[in-house]
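What follows is one structure encoded as structure tokens, with my remarks underneath.
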Amino acid sequence: MSFESELKKGNFLISECARCKKIVWPPSEWCDQCLDKNSWRKCTGKGKIIEFSKKENTYFCVAEIENSVKILGELISDGPKIGKSVIIIDCGIHDNNYFFKMKMLD
Amino acid sequence: MPKVAIVGYGQTKFSTENSKIESVLLQCTKNLFDSTSKLNQKNIDAVLISTNNNSKYLSAILSEMTGIQPKISHSIESLCNSGTNAIVAAYSYIVSGLAEVVLISGAERYDSPGQILEWDNLRGEFKHPIFWASIFSKSYKRKYALTDEDLALVSVKNHKQSTHNPFAISQKAITIEDVLRSKKLTEDLRLLECSRPCTGGASILLASENICKTFTDHPIWITGIGQKTTSASFTKTSTFYDMESTKQAAHSAFQMSKQKPSDVDVMEIHDAFSVCEPMALDSMKFASPGKGIDLVKEAYSSENFKINPRGGLIGSGHPLGATGIAQTIEITKQLQSCAEKRQVDNASLGLVHNMSAGATSSTVLVLEN
Chain H
0 MSFESELKKG NFLISECARC KKIVWPPSEW CDQCLDKNSW RKCTGKGKII
50 EFSKKENTYF CVAEIENSVK ILGELISDGP KIGKSVIIID CGIHDNNYFF
100 KMKMLD
Chain F
0 MPKVAIVGYG QTKFSTENSK IESVLLQCTK NLFDSTSKLN QKNIDAVLIS
50 TNNNSKYLSA ILSEMTGIQP KISHSIESLC NSGTNAIVAA YSYIVSGLAE
100 VVLISGAERY DSPGQILEWD NLRGEFKHPI FWASIFSKSY KRKYALTDED
150 LALVSVKNHK QSTHNPFAIS QKAITIEDVL RSKKLTEDLR LLECSRPCTG
200 GASILLASEN ICKTFTDHPI WITGIGQKTT SASFTKTSTF YDMESTKQAA
250 HSAFQMSKQK PSDVDVMEIH DAFSVCEPMA LDSMKFASPG KGIDLVKEAY
300 SSENFKINPR GGLIGSGHPL GATGIAQTIE ITKQLQSCAE KRQVDNASLG
350 LVHNMSAGAT SSTVLVLEN
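Residue numbers (numbering that gives the first Met the number 0), protein chains in the order written: chain H, 0 to 105; chain F, 0 to 368.
Encoded structure:
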């Protein structure tokens, strides 16, 4: 299992070190503190908007997922606001690029 | 610690020419030889290349083409701050005693692979630098209640100043209206707020205190160096309205030189995008948070040339591997009082700020005459 092999299937995983009790990000096979092997866990995909902007009709935002890891992805909802809750509704790899699509929860 | 001086330099005009990287390196190096009297190939102990170009073995190639057989030769790549990082490496070779004279040549082509950090996949499809710049811009404007017009002034000032720099790609002054009417790349960034990738080269010669007077009557001393890398991923950045790596690099450089921001007479700031200039001024403590834009306004209205006299990256163009070297050459000229129409009166202490990849890494140099 790897971040990329799961991302290709539309699953968003987080790497964690059991020894350090630490989330390791960007996703990695090895802990950046003790360099031991990380484990992978599925996450809820829920997070909040940290910052956003817009290109033509597409919003993009930095979101912090599960209060721990940040990604930059597309936001399909209108009227984004800082701190609003979002959820990853689709993710994967297209033309060698990762993609993350999110929508606002409320 | 032994002292290290800048004793020579040469540049090419920044352009969109389709030149081979080897030709650009050769041209700026030839210009350095032409303007540095008494420099002989045999004087040069090390040849360092700063570039993101994919061509291999460039330091050996440049050495052969210019008749140098150096003891040390290699390339240095660190995206947009490759140039000052190469200067830091050269400084270290001289201080260690491994070299007395080091030639550094930096060059890039307009189609440089260094423009996009492919590795940073957590940005999804939004990998182009305009996206981190838009996030910075939105965040900085919100935090400090600034407008698009405020940030547009950075570009207006730097384009105006670049009309006095014969090596700059832009030779045309623009207005705030021009900036605001230019192509809207995103909601928070317009085309004229961006530096342009281009083709260009810059070479600089560093020497130990023992030998520096052989090459120039006006050596300029590197008295402070600070370098900090906080991450490689843009999304690891803790806040998007300041530059942590710049803050720490400037602190180290000022500490090493025993100087402070108020001592600085002239500075080159890495304005890859308009928002970067006031943000860097805040982060280096030239202004309190959010007030960097006031220094930009003052520099524009008084025409004092203190901030980005050669026109910054926005006015001069941004050939990545050459940029940090061209910035350092400008401050050297200012401290030698030979910056012509761009000359800042009585400049004796200058600063260079060069960064990469959404300010995840920064290098700051303090120079004195």
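Ideal placement from N, C-alpha and C gives every residue a C-beta, glycine not left out.
### Query
Ends of the beta strand (DSSP E) at Ile203(F)?
Locating residue 203(F) in the second sequence gives position 204, counting from the first residue. Unbroken beta strand (DSSP E) run through Ile203(F): Gly199 to Ser207.
### Contact under 9 Å by Cβ, Gly314(F) with Ser161(F)
Here residue 314(F) corresponds to residue number 315 of the second sequence, with the count starting at 1. Here residue 161(F) corresponds to residue number 162 of the second sequence, with the count starting at 1. Result yes, Cβ atoms of Gly314(F) and Ser161(F) sit closer than 9 Å.
### Straight-line gap, Ile328(F) to Ile221(F) (C-alpha atoms, nearest Å)
Counting from 1 along the second sequence, the entry for residue 328(F) is found at position 329. Counting from 1 along the second sequence, the entry for residue 221(F) is found at position 222. Going by the C-alpha atoms only, they are around 12 Å apart.
### Task
Could you check the C-alpha separation between Ser360(F) and Arg40(H) for me, to the nearest Å?
Locating residue 360(F) in the second sequence gives position 361, counting from the first residue. Locating residue 40(H) in the first sequence gives position 41, counting from the first residue. Ser360(F) and Arg40(H): Cα-Cα distance of roughly 31 Å.
### Task
Mind listing, in chain order, the continuous alpha helix (DSSP H) runs of no fewer than 4 residues lying wholly within the region 258 to 326 of chain F?
275 to 282, 291 to 301 and 311 to 315
### Message
Taking 9 Å as the threshold (C-beta atoms), are Pro79(H) and Tyr58(H) in contact?
### Response
For the purposes of this step, residue 58(H) is taken as residue 59 along the first sequence, with counting starting at 1. For the purposes of this step, residue 79(H) is taken as residue 80 along the first sequence, with counting starting at 1. In contact: Tyr58(H) and Pro79(H) (Cβ atoms closer than 9 Å).
### Task
Report yes or no: is there a C-beta of chain H within less than 9 Å of the C-beta of Lys192(F)?
The residue you call residue 192(F) lines up with position 193 of the second sequence. Residue identity check: residue 192(F) is Glu in the sequence provided, not Lys. It does not; no Cβ of chain H falls within 9 Å.
### Message
If the cut-off is 7 Å on Cβ atoms, which residues from the region 128 to 155 of chain F count as contacting chain H, listed in chain order?
### Response
Phe130, Ser133, Ile134, Lys137 and Ser138
### Task
Using a cut-off of 7 Å between C-beta atoms, extract the partners of Lys53(H) located in chain F.
Indexing the first sequence from 1 puts residue 53(H) at position 54. Ordered by position in chain F, the residues that pass the 7 Å Cβ test against Lys53(H) are Thr185 and Glu186.
### Query
So Leu38(F) packs on Gly66(F), CB below 8 Å; how close in whole Å?
Here residue 38(F) corresponds to residue number 39 of the second sequence, with the count starting at 1. Here residue 66(F) corresponds to residue number 67 of the second sequence, with the count starting at 1. About 12 Å separates the CB atoms of Leu38(F) and Gly66(F); that is not less than 8 Å, and the two are not in contact.
### Task
Pull up the distance between the alpha-carbon of Ala346(F) and that of Leu31(F), whole angstroms please.
Position 347 of the second sequence holds residue 346(F). Position 32 of the second sequence holds residue 31(F). Between Ala346(F) and Leu31(F), the C-alpha separation is close to 23 Å.
### Query
Tell me which same chain residues have a C-beta within less than 6 Å of the C-beta of His163(F), skipping the five on either side of it?
Indexing the second sequence from 1 puts residue 163(F) at position 164. Same-chain partners within the cutoff: Lys340 and Arg341.
### Message
Quick check on DSSP: helix, strand or coil for Trp29(H)?
### Response
The sequence position of residue 29(H) within the first sequence is 30, counting from 1. Three-state result, Trp29(H): strand.
### Message
By the DSSP assignment, the beta strand (DSSP E) with Trp39(H) in it spans what residues?
### Response
In the first sequence, the residue the question calls residue 39(H) occupies position 40. Element bounds for Trp39(H): Ser38 to Lys41.
### Query
Along the region 16 to 32 of chain H, what residues have a CB closer than 9 Å to any CB found in chain F?
Trp24, Pro25 and Pro26
### Message
Given this structure, state the Cα-to-Cα distance separating Gly357(F) from Phe130(F), to the nearest angstrom.
### Response
Looking up residue 357(F) in the second sequence gives position 358. Looking up residue 130(F) in the second sequence gives position 131. For Gly357(F) and Phe130(F), the distance between alpha carbons rounds to 10 Å.
#### Entry: Outcome for Thr11(F) when other beta-carbon atoms lying within 10 angstroms are tallied against a minimum of 16
Here the question's residue 11(F) lines up with position 12 in the second sequence. Classification for Thr11(F): buried.
### Query
Is Tyr56(F) helix, strand or coil by DSSP?
Within the second sequence, numbered from 1, the residue matching residue 56(F) stands at position 57. It is coil, neither helix nor strand.
### Task
Pull up the distance between the alpha-carbon of Ser1(H) and that of Ile22(H), whole angstroms please.
The residue labelled residue 1(H) in the question sits at position 2 within the first sequence. The residue labelled residue 22(H) in the question sits at position 23 within the first sequence. The straight-line gap from Cα to Cα measures roughly 15 Å.
### Query
How many Å lie between Met103(H) and Ile330(F) at the Cα?
Along the first sequence, read from residue 1 onward, the residue named residue 103(H) stands at position 104. Along the second sequence, read from residue 1 onward, the residue named residue 330(F) stands at position 331. Looking at the two C-alpha atoms, the distance is approximately 49 Å.
### Query
Are the C-beta atoms of Glu73(H) and some chain F residue less than 9 Å apart?
The sequence position of residue 73(H) within the first sequence is 74, counting from 1. Glu73(H) has a beta carbon lying within less than 9 Å of a beta carbon in chain F.
### Message
Which residues in chain H have a C-beta closer than 7 Å to the C-beta of Thr234(F)? List them in chain order.
### Response
Indexing the second sequence from 1 puts residue 234(F) at position 235. Going along chain H in sequence order, the residues near Thr234(F) (Cβ under 7 Å) are Val61, Lys69, Ile70 and Leu71.
#### Entry: Under 7 Å (Cβ pairs) to chain H, residues found in the region 89 to 121 of chain F
Asn120 and Leu121
### Any chain H beta carbon closer than 9 Å to Lys182(F)
Residue mapping note: residue 182(F) aligns to position 183 of the second sequence, counting from 1. Chain H, which has no Cβ nearer than 9 Å to the Cβ of Lys182(F), makes this no.
### Query
For a contact meaning CB atoms closer than 7 Å, what does Phe11(H) contact in chain F?
For the purposes of this step, residue 11(H) is taken as the residue at position 12 of the first sequence. For a Cβ distance threshold of 7 Å, nothing in chain F lies close to Phe11(H): the least Cβ distance comes to about 11 Å.
### Task
Have a look at Ile71(F), Arg195(F) and Glu302(F) and flag the residue whose alpha-carbon is nearest the alpha-carbon of Val343(F).
As a first step, residue 343(F) must be located in the second sequence, where it is residue number 344. Per the C-alpha coordinates, the member of Ile71(F), Arg195(F) and Glu302(F) positioned closest to Val343(F) is Glu302(F).
### Query
Closer than 9 Å, Cβ to any Cβ of chain H: which residues of the region 267 to 296 of chain F, in chain order?
none
### Task
Pull up the distance between the alpha-carbon of Gln326(F) and that of Phe233(F), whole angstroms please.
Here the question's residue 326(F) lines up with position 327 in the second sequence. Here the question's residue 233(F) lines up with position 234 in the second sequence. Straight-line measurement puts the Cα of Phe233(F) at about 24 Å from the Cα of Gln326(F).
### Task
Go ahead and label Tyr109(F) buried or exposed: buried means 16 or more other beta carbons lie within 10 angstroms of its beta carbon, across all protein chains shown.
Indexing the second sequence from 1 puts residue 109(F) at position 110. Per the 10 Å Cβ criterion, buried.
#### Entry: Within chain H, the residues that Glu124(F) reaches when beta carbons sit closer than 7 Å
Position 125 of the second sequence holds residue 124(F). Simply Asn96 and Phe98.
### Task
Starting from Glu50(H), find everything on chain F with Cβ-Cβ shorter than 7 Å and list it in chain order.
The count along the first sequence starts at 1 and reaches residue 50(H) at position 51. Those within 7 Å of Glu50(H) in chain F are Ile134, Lys137, Ser138 and Phe239.
### Message
Below 8 Å on the Cβ atoms is my contact criterion, and I expect Leu191(F) with Ile103(F) to pass it. Report the Cβ-Cβ distance as a whole number of Å.
### Response
Within the second sequence, the letter at position 192 stands for residue 191(F). Within the second sequence, the letter at position 104 stands for residue 103(F). Taking the Cβ atoms as the reference, Leu191(F) lies roughly 31 Å from Ile103(F), outside the contact range of under 8 Å.
### Message
Quick check: is the beta carbon of Ile81(H) nearer than 9 Å to any beta carbon in chain F?
### Response
Residue numbering aside, residue 81(H) sits at position 82 when the first sequence is read from its first letter. With 9 Å as the cut-off, Ile81(H) counts as an interface residue toward chain F.
### Task
Leaving aside the five residues before and after Cys27(F) along the sequence, list all residues of the same chain whose C-beta is less than 7 Å from its C-beta, in chain order.
Stepping through the second sequence from its first residue, residue 27(F) is reached at position 28. Same-chain partners within the cutoff: Gly9, Gln10, Thr11, Ser104, Ala106, Gly200, Ala201 and Ser202.
### Task
Determine the extent of the beta strand (DSSP E) in which Cys60(H) is found, giving its start and end residues.
Here residue 60(H) corresponds to residue number 61 of the first sequence, with the count starting at 1. Segment Thr57 to Ile64, the beta strand (DSSP E) holding Cys60(H).
### Query
For Arg180(F), does the three-state DSSP call read helix, strand or coil?
Mapped onto the second sequence, residue 180(F) falls at position 181. Note: Arg180(F) maps to helix in three-state DSSP.
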